[in-house]
Amino acid sequence: MTTSPSTPVPRVLTGDRPTGPLHIGHLLGSLQSRVAMQASHECFVIVADLHTLTTRPQREHVGRLPANVRGVVLDLLSAGIDPQKSTIYLQSGVPAVYDLAILLQMLIPVSHLRSLASLAQMAKVAKLDDEHMSLGLLGYPVLQAADILMAQAELIPVGADNLAHVEIAREAAVRFNAMYGEVFPLPEGQSSRVQMLPGIGPDGPSASKMSKSAGNTINLGDAPEVVADKLRTLSGERLRSFIDALIDERERAEELVGEHQAGKLSDAAAHGLLIEAAEGLLAPLRERRAAFEGDQGLVEEILVDGTIRAREVAYGTLARVREAMGLEGLWKGLLDVAHERAEARKKPY
Ligand code: TRP
Numbered sequence: 265m266t267t268s269p270s271t272p273v274p275r276v277l278t279g280d281r282p283t284g285p286l287h288i289g290h291l292l293g294s295l296q297s298r299v300a301m302q303a304s305h306e307c308f309v310i311v312a313d314l315h316t317l318t319t320r321p322q323r324e325h326v327g328r329l330p331a332n333v334r335g336v337v338l339d340l341l342s343a344g345i346d347p348q349k350s351t352i353y354l355q356s357g358v359p360a361v362y363d364l365a366i367l368l369q370m371l372i373p374v375s376h377l378r379s380l381a382s383l384a385q386m387a388k389v390a391k392l393d394d395e396h397m398s399l400g401l402l403g404y405p406v407l408q409a410a411d412i413l414m415a416q417a418e419l420i421p422v423g424a425d426n427l428a429h430v431e432i433a434r435e436a437a438v439r440f441n442a443m444y445g446e447v448f449p450l451p452e453g454q455s456s457r458v459q460m461l462p463g464i465g466p467d468g469p470s471a472s473k474m475s476k477s478a479g480n481t482i483n484l485g486d487a488p489e490v491v492a493d494k495l496r497t498l499s500g501e502r503l504r505s506f507i508d509a510l511i512d513e514r515e516r517a518e519e520l521v522g523e524h525q526a527g528k529l530s531d532a533a534a535h536g537l538l539i540e541a542a543e544g545l546l547a548p549l550r551e552r553r554a555a556f557e558g559d560q561g562l563v564e565e566i567l568v569d570g571t572i573r574a575r576e577v578a579y580g581t582l583a584r585v586r587e588a589m590g591l592e593g594l595w596k597g598l599l600d601v602a603h604e605r606a607e608a609r610k611k612p613y
C-alpha cells in the first residue's frame, strides 16, 4: 500500500455555494485570508454547485446556476484569488466526487449526521420539516467529505458552522485508512476569523448578520454610489460594528467607536469615514473585476482549466480508493476470465 500522499506544501480546500453574489462579510471573513494563503499553500477553491441542490433542487434554482457560478468566480478573481496559484473549480464538473461520496457513505453513521446543528439550520431556512428532509441534505457533509478527501486536502478554512462537516470528513478518512490502508491525509478545519459584520440598515432589535438570505448585504460588485447609500443606512451599534470592521488601524477604530458612543462623532461624519474605508477596500476589486469582465471568455476559461486540473487529482484519488478497497481487483479479475474465454474461443477446433 502506498503511504500518505501529502504534497510538499499543504493543500488547502475552501469554497462557497453559488447562491448569489459574495459580499463584504465574505471578503473580511474569508476571502482576504484565502488570498494571503496562496503564498504558502496549494489552494483549491470549490464552487459547490451540487451542494446548492440539497436545499434548492428546483428547476428555477438550477436555471440560475450558470449566472451564479460565473458571478462567484468573478467575485473570487476580483478579491485577488490568482488563477496561476489557485485552482478554482466547479464541483459538478468533477463527477468522480459522486463515486467517492457513495463509498464514504458506508463509513458514516446516520446518527452523526442527524445531530448536526448546521443541517437543522439549513432545513429550517429551506422550510423543510423532519418529514421532508431529503437524503441529499442529510448527506451534505458526506458530499463535502468527498470534496475534501478527493482533493487530498489537509487544511480546510471554513465558517464555524462548517467545522463539524470537516470533522465528518476526518472521521471518514480515519475509518477508511484503518479499513483499507492509508490513502487519505487527515483534514483539519480552520475556523475563519468570525466577522460578526451586521447587515446594513438602522440599528434595532431585528438587526441581523450580513447575509444573502436577509437581503442586507454590501456586495463586492456594488458600484460606489450603491455602497455609499447602503453605508448611510447604518446607525447605532451597527454603525460602530462597521467602524470596527472597516477601519484597519486598531487604535484608530477603537477611538472612533468611543467617540461615536459618546456622541462626539456624528452619524454623518462616521458614514463619511466608512465610505472612504469601504472604497479603499473595494476599489482594487472593482479594477480587477473590470479587467476580467472585459476579457471575453476569460472567466470561463479559468474555471474550465481549474476544473480539468481538479478532475485529474480526483481521478487519481478515486483510482487509489478503488485499488485499496479491492474494487479495481474485482473488475480486473472479471476482465481476465472473460478475456481468457474469448482467447479460448478463438481456437480453431
Ligand atoms: N459547505 C460549504 C458552504 O457552506 C461549501 C463547500 C462544499 C466546501 N464543499 C466544500 C467548503 C469543501 C470547504 C471544503 O458553502
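Per the numbering used here, the sequence shown starts with residue 265, numbered consecutively. In this text, a Cβ means the ideal position worked out from N, Cα and C, and glycines have one as well.
Contact between Ala343 and Leu292 is ruled out by a C-beta separation of about 11 Å, above the 8 Å threshold. Straight-line spacing of the CA atoms in Pro462 and Ala574 works out to 35 Å. Our two residues, Ala360 and Ala442, have alpha carbons roughly 22 Å apart in a direct line. If you look at Gly344, you'll find it isn't in any beta strand (DSSP E); DSSP assigns it neither H nor E. Inside the segment 324–389, DSSP marks whole alpha helix (DSSP H) runs of 4 or more residues at positions 360–369, 374–378 and 381–389, from first to last along the chain.
Boundaries of the alpha helix (DSSP H) harbouring Gln525: Arg514 to Gln525, taken from the DSSP string. For Ala541, the CB contacts under 6 Å within the same chain, skipping 5 residues up- and downstream, are Leu510 and Ile511 in chain order. In this structure, DSSP gives Lys473 an extended state, which the three-state scheme calls strand. Following the DSSP letters along the chain, one finds Val309 inside the beta strand (DSSP E) bounded by residues Glu306 to Val311.
The beta carbons of Pro274 and Glu418 sit closer together than 7 Å. The shortest C-alpha to C-alpha distance from Gly570 to any of Thr283, His287 and Ile345 is the one to Ile345.
For Pro548, the uninterrupted alpha helix (DSSP H) run begins and ends at Asp531 to Gly558, by DSSP.
With a beta-carbon spacing of about 7 Å, Val276 and Pro421 fall inside the 8 Å limit used to define contacts. Between the ligand TRP and the CB of Asn332, the shortest heavy atom gap is not smaller than 6 Å.
Remark: C-beta atoms of Leu567 and Leu484 do not approach each other more closely than 7 Å. By the C-beta criterion, the segment 406–414 is judged to be in contact with the segment 426–440, since at least 3 inter-stretch pairs fall below 8 Å. In its chain, beyond the 5 residues on either side, Val276 and Cys307 have a beta carbon closer than 7 Å to the beta carbon of Met301.
The alpha-carbon separation between Gly468 and His535 amounts to approximately 18 Å. 7 Å or more divides the Cβ of Ala331 from the Cβ of Arg281. Contiguous beta strand (DSSP E) elements confined to the segment 550–605 do not occur, taking only those with 3 or more residues. Taking a C-beta distance under 7 Å as the contact criterion, Leu520 and Ile507 qualify as a contact pair.
Short of 8 Å from the beta carbon of Leu329, and not among the five residues preceding or following it, lie these beta carbons of its own chain, in chain order: Pro282, Asp313 and Thr316. Assignment of beta-bridge partners to His287 by DSSP yields Asn483. When only Cα atoms are considered, Tyr362 and Thr319 end up about 18 Å apart. Boundaries for Asp425: no beta strand (DSSP E) harbours it, and the DSSP string shows neither H nor E there. The set of residues with CB atoms less than 6 Å from any heavy atom of the ligand TRP reads, in chain order, Leu277, Thr278, Gly279, Asp280, Arg281, Ile310, Ala312, His315, Gln408, Asp411, Ile412, Ile420, Val422 and Asn426. By a beta-carbon distance limit of 8 Å, Ser382 contacts Asp425. Their separation comes to about 5 Å. Distance from the CA of Met370 to the CA of Glu576, rounded to the nearest whole angstrom, comes to 25 Å. When C-alpha distances from Gly279 are compared across Leu402, Leu399 and Gly423, the shortest belongs to Gly423. Relative to the Cα of Gly453, the nearest Cα in the group Ala532, Leu401 and Leu413 belongs to Leu413. The C-alpha of Lys476 is placed about 22 Å away from the C-alpha of Ala428. When rounded, the separation of the alpha-carbon atoms in Met397 and Met386 is 10 Å. DSSP, reduced to helix, strand and coil, places Thr319 outside both helices and strands of the structure shown, so it counts as coil.
Taking the Cα positions, Ala492 is about 23 Å away from Ser294. Per DSSP, the unbroken beta strand (DSSP E) holding Gly279 starts and ends at Arg275 to Asp280. Cα atoms of Pro272 and Leu591: separation of roughly 29 Å, rounded to the nearest angstrom.
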